[in-house]
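Protein chains in written order, with UniProt numbering: chain A, 1 to 675; chain B, 1 to 675.
Encoded structure:
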């Protein structure tokens, strides 16, 4: 059984790729970073998919070659790693592409590098000497949370660094999950990843309002004013709520979705493929509804979390949670009932060890249905007849943990032809030590001695539309007020809807005061009823773009986060809004900003649309110690794509399993009164 | 058992009020419009509630008198109705207030008046003569949909009018629910409600792009180019989907909510009262969380739906769905499984007949829980321990039908102390006839000969906060970019959070580019950890405000819809953002705009906050024949109100009823690995 061109690499294919790379670099040590599917070029894949959709695939049909992207360090005699990338054809077993990546870029991090940082810190006299300036209470152990270095300062040499955010854990609790974030330590060791040496220990400020940027008035009793804030239930002083009764989702006839060929999902006229890669996590491909093409590819492209505390070195706290180390690599193993409810289908994923061997990531993606409330309803008041349907949704979900934070990502498909990309931020705030009895302009004190710094989370979703075909355009629709005019608008109630094509690649912003809507249209196909071009649309979420000064490194390296919408011309493998190499970047390179500069024609073309949104997160005490989810939804909906409500034929039967308490209820609703 | 001061009037109390009014107006005919609870003045109710919360209520405790608001027409010898209102004390059986409402105002409509319109139309020679200009296909019957007249033109006399939107129903389908909206007729009869005479029949335009505002080129075969678009399942040509398997919500141990004293709801530390009135529908009162006061009153205050077709008389299509006829009066009878899922508790409501007698509205409100996905999660990557909780929500829901449209309103309470007010628009678009093969700048052709006109839906939610007490303030918080500065912002990553009190009543707008957040604070109470005042906050939804020209009658009568946020000083019974009398108003009177003009001090005061949001609805074909829900959510969340995540103690047990399909799954999640 031949693998689908979009299927993740099998263990065998991964091993073949590994061998090809090893063979291509004799007499060296290869430290692998990633080996994963190099997605087929679109022109090849479209040919295959067309045959597949037409039901005309045969064993002799042309298939795009199965290729692997291999990312690795080559360590030769000089012991200096050279970061290189190869694309290898695992069928023909040859290498088709090789690049020695320029030294201005840094490879994404691996968890091994993090482990090295922690080990070297504890062994470092420099670090131990820094720690010796404090007296920790008995039983407290230092915990080091490795982090990317962030955007290198102009004064930094171009070397590969990591930093360690430090906390202390109360071992007297006899619980390895005691919350060490409650006890932040104001030391930040920095490692030179090449030499594995701790080169310095930064001493961040711990002052409060009105104090200088380097104010450090801490005493030796650095966490004496901090207190435990645990989240694991066995450590909660109050215990857990006892009055929450179970709510179960039961699907007695099983799910309405079908998964075949390992990755093909069919549900309620939707048909699409689920894939996974160590960078983007779960990705969605070849999305069709009721025999019509909607989207070629949909994924979370990047996200950045810049911190707004101006006190060095906090300006370098800026993660790119997909690019820095691979979002997919951080995917949780989901399991029943906790992360998903109902009838669940899991997909396993694959990661790569430093030896290049595949490692299964079990249950990295879950698929399930959920009830989304009322889908549509109408009551005819004359007859008393009400027809109401529930909106069933299909959810493809993965969750990533980036040290302290969690992000829950879901692609939701509904019966009315809509796709929603949802992100929920949860997990633990990033916090630093603050002197006793002080507050700060740079964040909120959420626990004694614990300052949660102000920051932003900005996500970017990449949509590669295929609205009834591959050649699409982007139109910007707005609703404009119109002044009163005796001839054209005599009563002043008119507003004008205008639709403007986007001719060339561009960056755009949300404009809610104009009801600005982005429509991805097929200029060759008109709705036979309205005569408008068939389209899918979304309203750019008018959240704050990146606030940092445009001259700052934070801004320079995250240009994608400075606009709400990017429209670019398609290029194979141009997936990453923030560029290919984000780890300790100083500028965004080969991201959406560079793509726009090409000036591609995007009208009646293979166009890609990127939507950026997020939150300016000024923490509140309720976000501590673990934050209740903050939810973001990008809603992509058909716009004159269909000739009627696509959910019109959803059955409106009454659900017989619901029960009434306290009397009342009954009465006709869905049963037609006259039948 | 004495009724709670907020309980809806009983049948007995309603009858007493009725008798008092009749006795107060001897020798007249009284046409009742409404009799419902006149909510107690806040100063009296607060005394009672304080005793109630303290557990010190006794049979001799002072209780606010039970009063009824009676709205009715007094018809004396001259046969000219005088619209009057009385407040009567049903305990002491005396009238405490009486007002002859000024003639510049019109009483809200009753469905009886609508019935009269329909009857008189069919009997009207003027109307029949208008219809005679068309040839309807065999079996088609005219349907008249009564509507408010809308904002009277300056040239209109100040008389009480209604208009009838006309359609034709295909009786050959032998189904009374065949969708007559598919066949719009371009005649709009207008009735003088006092004389019950059809005074004219408006002939709206049916032209298309580029044609004059009065272009009517229709032929006698006025609906020959229209086609059926049914929504009742038995009339769907394609039938209903057969592959949707049931998804049941089962609560084997029953619900976690408790309803006592008829209206007191307790759930997951929340405690509040549910009430209902014929104007606002379901209202929420005396909201407390874990023994602390949050909100005194919460309700949907008003909504307006202005249409943007400039061709007369369409400018007068502007409904105020709460004020014109009472939103509560239009509440659906909800029933099991269709409108609500799981374990449901219904509340009945009461309406008033023209004879003043109470009429039960059964199942007008439903209460149930639902699963809202992941509530919070954190995985400690070191130990593999993941703690994840589901977010359970409690929903109080009612649904109103306004002729063609439905609105589903829900108050949702979550375990993290948050309240969400959700509105979903569904039902059938309002449509008019358009000539064959034409399109229009004023809307979208959604079916042959059927034009769905552009319009807006703007909702207003009234919040009467009681954040840890009655005297609150409103602060506006924004996040501002800060330029790079060598001393204060050397790396350019700082942004400044500023919080500005609102000193006097004001109208404000959303400002998403500044992350403008409205905080309702208690200036006397500080969070002991962050030192910030305790608060609840919301982000004003940056949807378009009313687009009509400010000089237009549409705008003059809906000033509330021109700003996103209104902050006013509390006055008893100042509930209605658009004013007390919206039916065919020309200007908004005694709404939020007038309240602001008072210039009340709102700092450390009894302040009321109104949030307006909505959608500019430029219809799409997918909205036809019934629209998939368009959802709006106002999210009101604690902000330094609590000293930690209020949902921290939600249990994280695995749900044992979920099942896995297709292998995989299992593995530790919530079970702590080291126990």
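Note that beta-carbon positions come from the ideal geometry of N, C-alpha and C, so glycine has one too.
Residues of the same chain with a CB within less than 6 Å of the CB of residue 163 of chain B, apart from the 5 flanking positions on each side, are 147, 149, 188 and 190 in chain order. Of all residues in the stretch 408-424 of chain B, only 408, 410, 414, 415, 416, 417, 418, 422 and 424 come within less than 9 Å of chain A when Cβ atoms are compared, listed by chain position. Here residue 400 of chain A has 281, 321, 327, 328, 330, 331, 332, 406, 407 and 409 as same chain residues with Cβ atoms under 8 Å from its own Cβ, once five neighbours each way along the sequence are excluded. Rounded to the nearest angstrom, the Cβ distance from residue 94 of chain B to residue 198 of chain B is 43 Å, too far for a contact under 8 Å. With its beta carbon less than 7 Å from one in chain A, residue 551 of chain B belongs to the interface. Contact annotation, residue 519 of chain A with residue 535 of chain A: C-beta distance approximately 4 Å; criterion of less than 8 Å satisfied.
Proximity of chain A to residue 627 of chain B at the Cβ level (cut-off 8 Å) is accounted for by 376 and 645, in chain order. Residue contact with chain A for residue 557 of chain B: absent (no Cβ-Cβ distance below 7 Å to any residue of chain A).
Where residue 128 of chain B is concerned, the enclosing alpha helix (DSSP H) starts and stops at 125-131. Sequence-distant Cβ neighbours of residue 452 of chain B in its own chain, meaning closer than 6 Å and more than five residues away, are 429, 431, 443, 444, 446 and 619. Among the CB atoms of chain B, none fall inside 7 Å of the CB of residue 115 of chain A. With contacts defined by Cβ atoms closer than 7 Å, residue 98 of chain A and residue 86 of chain A form a contacting pair. Per the coordinates, the alpha-carbon of residue 250 of chain A lies some 27 Å from the alpha-carbon of residue 290 of chain A. Residue pairing by DSSP leaves residue 467 of chain B without any beta bridge partner. At a cut-off of 7 Å, the C-beta of residue 293 of chain B has no neighbouring C-beta in chain A.
With 16 or more neighbouring CB atoms inside 10 Å of its own CB, residue 545 of chain A falls in the buried class.
For the pair residue 286 of chain A and residue 270 of chain A, the Cα-to-Cα distance works out to about 10 Å.
Under the 10 Å beta carbon count, residue 402 of chain A is surrounded by 16 or more other beta carbons and is classified as buried. Taking residue 209 of chain B as the centre and dropping the five residues before and after it, the same chain places the C-beta of 438, 439, 440 and 441 closer than 8 Å to its C-beta, in chain order. The C-alpha of residue 234 of chain B lies about 17 Å from the C-alpha of residue 338 of chain B. Neighbourhood of residue 391 of chain B in chain A, by CB distance below 8 Å: 628 and 629, in chain order. Within chain A, 379 and 386 have C-beta atoms less than 7 Å from the C-beta of residue 332 of chain B, given in sequence order. Chain-ordered listing is empty here: chain A has no CB closer than 7 Å to the CB of residue 564 of chain B, the nearest sitting near 10 Å. Between residue 309 of chain A and residue 577 of chain A, the alpha-carbon positions lie close to 25 Å from each other. Looking from the CA of residue 32 of chain B, the closest CA among B:165, B:472 and B:355 belongs to B:355.
With 16 or more other Cβ atoms from the protein chains shown falling within 10 Å of its own Cβ, residue 67 of chain B counts as buried.
When secondary structure is reduced to three states using DSSP, residue 118 of chain A falls in the helix class.
Using a Cβ distance threshold of 7 Å, residue 184 of chain B and residue 161 of chain B do not count as a contacting pair. Look at residue 14 of chain B here: in three-state DSSP terms it is helix. A direct Cα-to-Cα measurement between residue 37 of chain B and residue 416 of chain A gives close to 41 Å. The C-beta of residue 554 of chain A has 16 or more other C-beta atoms within 10 Å across all chains shown, which makes the residue buried. Annotation for residue 47 of chain A: the continuous alpha helix (DSSP H) segment containing it runs 42-54.
For residue 31 of chain B, the enclosing beta strand (DSSP E) starts and ends at 29-37. Between residue 152 of chain B and the set B:25, B:604 and B:585, the nearest pair of CA atoms involves B:585.
Look at residue 161 of chain A: its C-beta is not under 7 Å from any C-beta on chain B. Within the same chain, Cβ atoms closer than 6 Å to the Cβ of residue 497 of chain B are found at 479, the five residues on either side in sequence being excluded.
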